[in-house]
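Quick note, the sequences are listed as chains A and B, same order.
Under the numbering used here, think of the first position of the first sequence as 2, with each following residue one higher.
Under the numbering used here, think of the first position of the second sequence as 592, with each following residue one higher.
Where a beta carbon is used, it is the ideal one built from N, C-alpha and C, also for glycine.
Since we're looking at a predicted model, the values are computed, not measured.
To keep things clear, I will list the structure first and then write my remarks on it.
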Amino acid sequence: MAQLAQGRWIGLSSVFRSGWMLPVVLIAICAIFTVIKPVFLSSENLLSIVHQVAIIGIMAVGMTFVIMTGGIDLSIGPVLAIAGVFAADILALTAGNLALAIGGALGVAASVGLANGLIVAYLGLPPIVVTLAALSIVRGVALLIAGPELHLIRGPAMFLFIGEGPILGVPFSVYLFAATVVLAVIVQYRTAFGLSVLAIGDNERAAFLSGHHVQRVKSLTYVICAIGAGLAGIVQASQVHTASATYGMGIELDVIAAVVLGGTSLSGGAGSILLTVSGVLLIGVMNNGLGLLNIPIEMQLIAKGLIIIAALTVSSREN
Amino acid sequence: MTTESLLRATELTKIYGSMVALSNASIEVRPGEVRSLVGANGAGKSTLIKILTGAISPTAGEIVIAGRKVAPGNPRRMIELGIAGVYQHSNLAPTMSVLDNLYLGRQPTLGWGILDRHRQRADALALLSKYQIDLDLDARISELPPVKQKEVEIAKALALEARVMLLDEPTAWLSHSEVERLFRTIRTLKTRGVGIIYISHILDELYEICDTVTILRDGLVVEDCPVASITRPQLLKKLIGDKLASEASGQAGAQTRYPRGTGETKLACEGLSKNGAFDDVSFELCSGEIFCVTGLIGAGRSELMRVIFGADSFDGGRLIIGGEEVLIKSPISAMERGMGFVPEDRHRDGLMLKMSVGQNLVMAILTLISRFGMLRPGLMAHAVSRQISTLKIVPSNPQIAVRKLSGGNQQKVLIGKWLQKRPEILILDEPTVGVDVGAKAEVYAILRSLRAAGAAILVVSSDMEEVMTISDRIMVMRGGRVQGIYDANTVSEYDIVGHVGGQ
């Protein structure tokens, strides 16, 4: 009854009960890297891992909501790019108006998400096809606006702070990632929307007959996912001081891999933001560790794929 | 019955951790015997079936098939030895033909993987004529009525040379005339020496088709005798104990009926029509009454309920709630007018199976337990624990996934999610399909207490015993039209069955 009173039965504790395997795998892989290269465990390196995964992480958090409804969003790579391009161009045109740049970038991202969501939810078209089309369209529009060249971002300092700026030695983008996670966890476990997302993914017909706003909730998940991609676009533009219509090619694969590694079912109905974070860290650790070992990039790609399959096998065994 | 048994299991025991699911249970089936296996949910029925089909190994005990001892826990071996299960939920490939389904996964070939179509068809025809099963081999499964699908499953088992067939709730989705047809098939199987273990919650069927009965309660075999030697009340008592038995048999509570309830009309349909489903349906539903809609499958009952609840649109007529004409365009607007709906197929339309009991119980009251979109855990926990205790949902842990509950408890969760709102109009489509006798009685008790609280209750049911037990008024539908509305005090079960069948 004490548990009931704290409302913990909502599901948070069951996440830890059912999803303990992935963190164990993560720690095991870290241990292996540490044995081979002790420098892996240094605080600088661990921080750089988190720093490197901030972009994928922010996107994966949004993607988790979409996948929990049984959907998928393949268009996040171009959304990241177009958000960066919008931010860079608005900064250039307005002589560094930060609010307008961020607002414009997130606005364009959100409108792509809204279009995806409305088409998927109200026209009932399959999300994989709709967002595949959006991937092509948005990339095309980004290239139309920005051309193939790099757009340099010279300022203001506040914008460049977003990606790199240290607070107590930790880059601001890491705080941003952490804040996204906290917000998403609250949305998942403590809001009616979060419960609805899970219900729709589990049984859409039943959710409809229980009076849920199925179409509205589904649309909103795509908006959330696209805003995540837009935010990631801003972070990336800030980190590398440039924006380009060609950024984010293939990044959706890393993002979806992280979400699925976290145990979110591609058929919907089960998932957890916190386990998505473990999935993100696993991808970051692999990229970092394989780099430290000076493994050539082609071997890294192969190794990464194999490790993903191995990790998924181990973590799906627990069920 | 001196012939050697086809299947004999002796003193089977299955222990999970500290829980004894089955204790020293023995069961035997002889050629041509239809043995009924009954027991409330949780009595150990499914454990026994799983052991017999090889899905799990017993902790102790032995299984002898045709005189030979068999190592348990090997599903493939059990099929080879002729033990076949036909389950409540279909295992057929819906888009393929009957013929393909009969030989799915082991089609005769000419070598090199090329199908031997001629032999396949000849084999199938021989099989169907031997067992006198009438099926069109080229029909697609999805186009067949439920009873024919059941027959395809039975034929598929026979194609594997099944000697013992476990039929699990074979009539759950069948109408009256279809049940008759299935029984004819079962009788033919008997004459061909097939042994059958027949699992059903419907006692009428047990008395009609079964020769012997094995009754399980709390993991023990409490009775094993010929059906002819046990009366209905005795059987019920063995099954569920004394008190519940009187509830379920319809004696208690059945005498007091409240046709038109308090007299206040809650909901009225005037000439409601939906193309291809039902036509010109008119009736009035009053608060404080249980109004049953009965008829054959395909009579348009479920479609009517979906329209009233706003899940589907209609083409003509008027829907009146509380005296004013309303347009209900979605379940959300139906719920705003005080309606709740328990759909027929609880797995497909009702429950979030992966989610917890607690989450399922609050599915229809998210607005009541949240403020500005934020859930209020205290209110939520309160609502959940209240429903769990009033409905006696077992296990009582709200965190457990709904799919792990028994059918009866799942149904209670499904009903419970509407109770927190105190619905003024509750629609239930086949509320006790696949639910054991004990849970049935509990569902009826819930409906009666809702009625006493003034709710208007609309129940769709094909189970005559259920209709006669709970209804205050009965509407019979046939071919999408209202055949008649009867006062349950003055009409007999015999008459209703006649009206349903079209006399």
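Burial state of residue i, where buried means 16 or more other Cβ atoms lie within 10 Å
i: S1014/B; result: One point to set straight first is that residue 1014/B is Pro, not Ser, in the sequence displayed. Answer is buried; the Cβ neighbour count reaches 16.
i: A88/A; result: buried
i: F34/A; result: buried
i: N320/A; result: Its pLDDT being 45, under 50, N320/A is placed unreliably in this model, and the value from its coordinates should be taken loosely. Exposed: under 16 other Cβ atoms inside 10 Å.
i: A244/A; result: buried
i: F178/A; result: buried
i: M610/B; result: exposed
i: W703/B; result: exposed
i: D203/A; result: buried
Test: residue i CB closer than 8 Å to a CB of chain B
i: D255/A; result: no
i: A110/A; result: no
i: S197/A; result: yes
i: G78/A; result: no
i: A271/A; result: yes
i: F66/A; result: no
i: S211/A; result: yes
i: D90/A; result: no
i: T222/A; result: no
i: T70/A; result: no
i: N289/A; result: no
i: F194/A; result: yes
i: R206/A; result: yes
i: R217/A; result: no
i: A200/A; result: yes
Sequence-distant residues of its chain with Cβ nearer than 8 Å to residue i (five each side left out)
i: G118/A; result: K219, S220, L221, T222, Y223 and V224
i: A1046/B; result: S878, G879, R1013, P1014, E1015, I1016 and L1017
i: K1157/B; result: Since the first residue shown for chain B is 592 and the last is 1094, residue 1157/B is missing from the structure and cannot be characterised.
i: E935/B; result: S893, D1020, E1021, V1024 and V1051
i: T700/B; result: L706 and D707
i: I960/B; result: V953, L966, R967, L970, M971 and A974
i: L773/B; result: V738, K741, E742, P761, T762 and L765
i: A116/A; result: A135
CB contact below 8 Å: residue i versus chain A
i: D729/B; result: no
i: A1046/B; result: no
i: M954/B; result: yes
i: G964/B; result: yes
i: Q950/B; result: yes
i: Q842/B; result: Residue confidence is low: Q842/B scores 48 on pLDDT, short of 50, so the model does not pin down where it sits. Its coordinate-derived value is still stated next. No, its Cβ sits nowhere closer than 8 Å to a Cβ of chain A.
i: S904/B; result: no
i: G1007/B; result: no
i: L944/B; result: yes
CA nearest to the CA of residue i, picked from the options
i: E814/B; options: I793/B, F900/B, V629/B and V1051/B; result: V629/B
i: A657/B; options: S947/B, N615/B, A612/B and I674/B; result: I674/B
i: L151/A; options: I83/A, N204/A, P172/A and Y190/A; result: I83/A
i: V1088/B; options: G1071/B, D1063/B and S1052/B; result: S1052/B
i: A233/A; options: G85/A, V26/A and P39/A; result: G85/A
i: K1114/B; options: S766/B, D871/B, R783/B and I647/B; result: Residue 1114/B is absent from the model: chain B starts at 592 and stops at 1094.
i: I56/A; options: A102/A, A230/A and V215/A; result: A230/A
i: G1007/B; options: M610/B, R977/B and S997/B; result: R977/B
i: K739/B; options: L970/B, A753/B, E752/B and L719/B; result: L719/B
i: K605/B; options: R1039/B, K641/B, N988/B and I1061/B; result: K641/B
i: R939/B; options: Q1001/B, L603/B and I670/B; result: Q1001/B
i: A713/B; options: L693/B, A730/B, N665/B and G704/B; result: L693/B
i: M287/A; options: L307/A, A207/A and V175/A; result: L307/A
i: L830/B; options: I991/B, E734/B and A631/B; result: A631/B
Same chain, Cβ closer than 7 Å to residue i, five either side skipped, listed in chain order
i: V625/B; result: I777, K781, I787, Y789, I800, C801 and D802
i: I37/A; result: L294
i: V315/A; result: M22 and V26
i: V1067/B; result: T885, G886, Q1074, G1075, I1087, H1090 and V1091
i: G664/B; result: G645, I647 and S648
Residues of its chain near residue i, where Cβ-Cβ distance is below 6 Å and the 5 sequence neighbours each way are ignored
i: L672/B; result: I656
i: G166/A; result: F173
i: Y123/A; result: Q216
i: P685/B; result: I732 and S733
For this session: Return the chain-ordered ranges of every alpha helix (DSSP H) run that is complete within the segment 39–79 of chain A and spans a minimum of 4 residues.
Result: For the segment 39–79 of chain A, whole alpha helix (DSSP H) runs of length 4 or above, ordered along the chain, are 44–69.
Exercise. Which runs of the beta strand (DSSP E), 3 residues or longer, sit entirely within the segment 661–699 of chain B?
Worked result: Fully enclosed beta strand (DSSP E) runs of 3 or longer: 674–677.
Problem set entry | Those runs of the alpha helix (DSSP H) which lie wholly inside the segment 844–917 of chain B and span at least 4 residues | When DSSP assignments are scanned along the segment 844–917 of chain B, the uninterrupted stretches of alpha helix (DSSP H) that are 4 or more residues long and fall wholly within it turn out to be 892–899.
Exercise. Unbroken alpha helix (DSSP H) runs of length 4 or more, entirely within the segment 775–815 of chain B: which are they?
Worked result: Listed in chain order, they are 794–800.
Problem set entry | Complete runs of the alpha helix (DSSP H) confined to the segment 144–228 of chain A [at least 4 residues] | The segment 144–228 of chain A contains these whole alpha helix (DSSP H) runs: 158–165, 173–191, 193–203 and 205–210.
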